[in-house]
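> First to last, the sequence lines map onto chains D and X. Each number in my numbering corresponds to the 1-based position in the first sequence with 2 added. Each number in my numbering corresponds to the 1-based position in the second sequence with 3 added. Glycine included, each C-beta is placed from N, C-alpha and C at the ideal position. Fair warning: this is a prediction, and the values are worked out from it, not measured in the lab.
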Amino acid sequence: MIKSEICELLSIEYPIFQGGMAWISDGSLAAAVSNAGGLGIIAAGNAPQDYVREQIKVARELTNKPIGVNIMLLSPFADEVAKVVADEKVEVVTTGAGNPSKYMELWKSAGIKVIPVVASAAMAKLMERLGACAVIAEGGESGGHIGEMATMPLVPQVCDAVKLPVVAAGGIADGRGVAAAFMLGACAVQMGTRFLSADECSIHPNYKEKVLSAKDRCTVVTGRRLGHPVRSLRTQFSNDYQKVEYDSSVSDAELEALAGGALRLAVQEGDLKKGCFLAGQAASMVNKRQKASEIIKEVADEAEIILKRASIWVK
Amino acid sequence: MLFETIAKIIAERTGCDVSSVKPESTFAELGIDSLDTVELLMSLEDEIGMEIELDQKVTTVDDLVKFVESKKQD
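#1: Hey, residue 69 of chain D and residue 61 of chain D are a contact pair by Cβ (cut 8 Å); roughly how many whole angstroms apart?
#2: Cα-Cα, which of D:125, D:250, D:189 and D:172 is closest to residue 39 of chain X?
#3: Counting along the chain, where does the beta strand (DSSP E) carrying residue 234 of chain D start and finish?
#4: Taking residue 216 of chain D and residue 286 of chain D to be in contact with their CB atoms under 8 Å, please state how far apart those CB atoms are, rounded to whole angstroms.
#5: Could you check whether residue 77 of chain D and residue 202 of chain D sit closer than 8 Å to each other, using their CB atoms as the reference points?
#6: Only counting runs of 3 or more residues, tell me where the beta strand (DSSP E) segments fall wholly within the region 122-158 of chain D, in order along the chain.
#7: Who are residue 69 of chain D's beta bridge partners in DSSP?
#8: If you run the structure through DSSP and keep just helix, strand and coil, what is residue 79 of chain D?
#9: For chain X, check one thing: does any of its Cβ atoms lie closer than 8 Å to the Cβ of residue 127 of chain D?
#10: Tell me, which residues are paired with residue 98 of chain D by DSSP?
#11: What span of residues does the beta strand (DSSP E) with residue 224 of chain D cover, start to end?
#12: Would you say residue 42 of chain X reaches chain D, if we count a Cβ-Cβ gap shorter than 8 Å as a contact?
#13: Using a Cβ-Cβ distance under 8 Å, would residue 38 of chain X count as near chain D?
#14: At 7 Å on the CB atoms, spell out the chain X contacts of residue 121 of chain D, in chain order.
#15: Taking the alpha-carbon positions, what's the residue 18 of chain D to residue 190 of chain D distance?
#16: What residues from chain X crowd round residue 103 of chain D, counting only those whose CB sits closer than 8 Å?
#17: Could you please give me the residues that DSSP links to residue 19 of chain D through a beta bridge?
#18: Can you find the residues in the same chain that come closer than 6 Å, C-beta to C-beta, to residue 218 of chain D, ignoring five residues on each side of it along the sequence?
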């Protein structure tokens, strides 16, 4: 069985996190992952506090295992959501899109373990100094908002920069990815895209179908011009967006407005024309509908076989 | 003095000529994004031997100089 220090630190069975995906990772998906022995994470995204409180309640009714909440720091509701997670004493908070320093004291005094997502070694160092208990080093292969570094060079550099446990993310969707992450120095992984096909993931059937039929070059990055690149499946929306992204007659505000609500259209309505279907480069490795528990067991078992065999390279 | 130190770090990071970094230059113009800012501050900490926690938005190089100077006096 695959075990690491992160399992003891967070009281979980498998060193596998389910990424907090805005509009997607709700209380039911998080609970299914936590019940399976991984760490299920609810995404606060751009949602107000009532939604987050409700989803924590949903998860708590379905599981008594630890759960996490991902807080997107650019959200207009970040302040109120930061208080909700402290009130509700969720076991783990992961943060994305910025620097969570102003909430660290509040969360730590509520006994929450804080695990920021970082896209550079310097950011990881800063988080260590602020009292994070681990960091998630996420490469640009992942879906949604991304950094520019790829997982392969990012993970070892973050491992060298900090003494904290490092969780690898970005491009990992099976046991080979997990084994590779451990070889790079990580002691856990976070997967998002792989869980899009989970039975407990309540995205629109069109979204699931797009992920299941995706090929290796099916994702594109848009939004670099605005300074916050986003990876999604290539669709009518991404094609239209790319056309205007480098058209200087279109203002930044117009470009920003074009993307507004596109993720919701994908997740809830399955709108194949105007929806933005976020997914990582590993989307083409997601080929079957499974329960979250089957995903975790399968990935962990594959990693175990590969890691046991790793010594064949040493003569 | 502080300005020269910051300008030198920026020039090293971005590959631009140090003389092109002016007090009124914005970080955006210099091609410095938020992650670069974190690295810039860490290099600056090594140079001046104190920890800097940036808790406000800085747009220009001069904003950063003034911010660090105010922290030095605390």
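With the given structure in hand:
#1: 5 Å
#2: D:125
#3: 232-235
#4: 5 Å
#5: no
#6: 137-140
#7: D:42
#8: coil
#9: yes
#10: D:74
#11: 221-224
#12: yes
#13: yes
#14: 38
#15: 6 Å
#16: 56 and 58
#17: D:41 and D:192
#18: 286
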